[in-house]
Amino acid sequence: MPIRQANYSDLRPAAEVAAAAFIEDELFGELMHPHRHQYPEDFLHAWQQDFRAKWLQRAYVFLVAVDDNGKVVGLATWEREYGTDHVIGRLIYHLASWYTGLERWIWPNRAADPSKANVLDESKPLIEHHWAGLREQNWYLDLLAVHPKYQGQMYGRGLVQWGVNEAKKEGVCASLISASGKERFYGRFGFIEVGRANVGPLSGIDGGAIMFTDVKA
Numbered sequence: 006m007p008i009r010q011a012n013y014s015d016l017r018p019a020a021e022v023a024a025a026a027f028i029e030d031e032l033f034g035e036l037m038h039p040h041r042h043q044y045p046e047d048f049l050h051a052w053q054q055d056f057r058a059k060w061l062q063r064a065y066v067f068l069v070a071v072d073d074n075g076k077v078v079g080l081a082t083w084e085r086e087y088g089t090d091h092v093i094g095r096l097i098y099h100l101a102s103w104y105t106g107l108e109r110w111i112w113p114n115r116a117a118d119p120s121k122a123n124v125l126d127e128s129k130p131l132i133e134h135h136w137a138g139l140r141e142q143n144w145y146l147d148l149l150a151v152h153p154k155y156q157g158q159m160y161g162r163g164l165v166q167w168g169v170n171e172a173k174k175e176g177v178c179a180s181l182i183s184a185s186g187k188e189r190f191y192g193r194f195g196f197i198e199v200g201r202a203n204v205g206p207l208s209g210i211d212g213g214a215i216m217f218t219d220v221k222a
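Taking this note's numbering, the leading residue of the sequence shown gets 6, the next gets one more, and so forth.
Structure representation (structure tokens):
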């Protein structure tokens with residue numbers, strides 16, 4: 006199960022994987038994209054826009070898992086969080102976000118609920134204290150997705166292990182916010198729950214365990 010860094014040409018197939026994996030997801034599907042079944046191409050394009058913005062940023066490592074035929078069947082975006090002093094990374098982030106925002110203004114996402122577009126950013130002030138002190142610099146698993154047809158075939162393990170290994174090499178934590186029912190899976194890599202992210206605007210959403218491979222503070 007080869008794991009490699011994504012090329013630009015991988016972004017569309019990676020978006021197809023994410024759209025299939027999260028089509029019935031409570032957060033990315035039902036809450037943020039309630040009209041995804043009516044406008045599936047818009048749902049797919051939203052993932053592609055997000056992936057392009059992250060692929061362009063040096064803080065992210067965009068990984069894909071491919072099958073024996075070279076088909077993209079899984080992906081992970083790992084973000085190296087350096088803390089508030091990493092100015093260049095934040096500048097690139099804002100430039101990429103500005104371009105994506107302009108594109109979304111010109112071509113609105115009909116699958117989305119506009120009132121929920123910023124729900125993830127709105128929840129950050131309520132949970133960001135967990136990423137402080139020795140945890141401020143870490144490798145954060147921003148997203149993990151495996152196509153439903155290929156789940157249970159070890160692709161997800163390889164994508165998670167990559168970031169855990171990088172964190173160990175650098176002597177920093179790895180962190181993530183778990184989807185519902187995946188806590189035990191992540192526990193196999195040494196992740197331990199330290200808090201909850203399903204608070205504030207995300208109250209009532211299943212899942213949301215904030216997990217670190219190192220819980221020292």
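Note that beta-carbon positions come from the ideal geometry of N, C-alpha and C, so glycine has one too.
- Query: What is the DSSP secondary structure of V78, reduced to helix, strand or coil?
  - Reply: By 1-based counting over the sequence shown, the position of residue 78 is 73. V78 falls in the strand class under three-state DSSP.
- Task: Ignoring anything shorter than 4 residues or poking outside the stretch 147-215, list the alpha helix (DSSP H) runs there in chain order.
- Result: Runs found: 160-175, 188-192.
- Query: Are three or more beta carbon pairs between the stretch 121-138 and the stretch 152-170 nearer than 8 Å?
  - Reply: no
- Message: Which residue wins for smallest C-alpha separation from Y145, given the options R115, P153, I182, D126?
- Response: Residue 145 sits at position 140 when you count from the first residue of the sequence shown. Taking only the C-alpha atoms, the option nearest Y145 is I182.
- Who are the Cβ neighbours of A25 in its own chain at under 7 Å, not counting the five residues just before and after it? Stepping through the sequence shown from its first residue, residue 25 is reached at position 20. Within the same chain, and ignoring the five residues on either side of A25 in sequence, the residues whose Cβ sits closer than 7 Å to its Cβ are H152, P153.
- Query: Hey, would you say P39 sits closer than 9 Å to S128, going by beta carbons?
  - Reply: By 1-based counting over the sequence shown, the position of residue 39 is 34. By 1-based counting over the sequence shown, the position of residue 128 is 123. Result no, Cβ atoms of P39 and S128 do not sit closer than 9 Å.
- Task: For D90, collect the residues of the same chain with a Cβ closer than 8 Å to its Cβ; drop the 5 residues on either side in sequence, then sort them by chain order.
- Result: Here the question's residue 90 lines up with position 85 in the sequence shown. Residue placement at D90 is flagged as unreliable, the pLDDT there being 49, under the threshold of 50; the coordinate-derived value follows with that caveat. None.
- Could you tell me if Y13 is buried or exposed, where buried requires 16 or more neighbouring beta carbons within 10 angstroms of its beta carbon? In the sequence shown, counting from the first residue as 1, residue 13 sits at position 8. So Y13 ends up on the exposed side.
- Quick one: using the 10 Å Cβ neighbour count with 16 as the cut-off for buried, is G168 buried or exposed? Within the sequence shown, residue 168 is the residue found at index 163, counting from 1. When all chains shown are included, G168 counts as buried.
- So, using beta-carbon positions, are G200 and I215 closer together than 9 Å? For the purposes of this step, residue 200 is taken as residue 195 along the sequence shown, with counting starting at 1. For the purposes of this step, residue 215 is taken as residue 210 along the sequence shown, with counting starting at 1. Contact: yes.
- Item | Where W83 falls, given that 16 or more other Cβ within 10 Å makes a residue buried | On the sequence shown, residue 83 is found 78 positions in, with the first residue counted as 1. So W83 ends up on the buried side.
- Query: Helix, strand or coil for Q43 per DSSP?
  - Reply: One-based indexing of the sequence shown puts residue 43 at position 38. Coil at Q43, not helix or strand.
- Message: Taking the beta carbon of D219 as the centre, do at least 16 other beta carbons fall within 10 Å, making it buried, or is it exposed?
- Response: Taking the first residue of the sequence shown as 1, we reach residue 219 at position 214. D219 comes out buried.
- Query: Leaving out five residues before and five after W60 in sequence, what residues of the same chain have Cβ atoms less than 8 Å from its Cβ?
  - Reply: Residue numbering aside, residue 60 sits at position 55 when the sequence shown is read from its first letter. When the five nearest sequence neighbours on each side are left out, the beta carbons in the same chain lying within less than 8 Å of the beta carbon of W60 are those of A11, Y13, L16, F67, in order along the chain.
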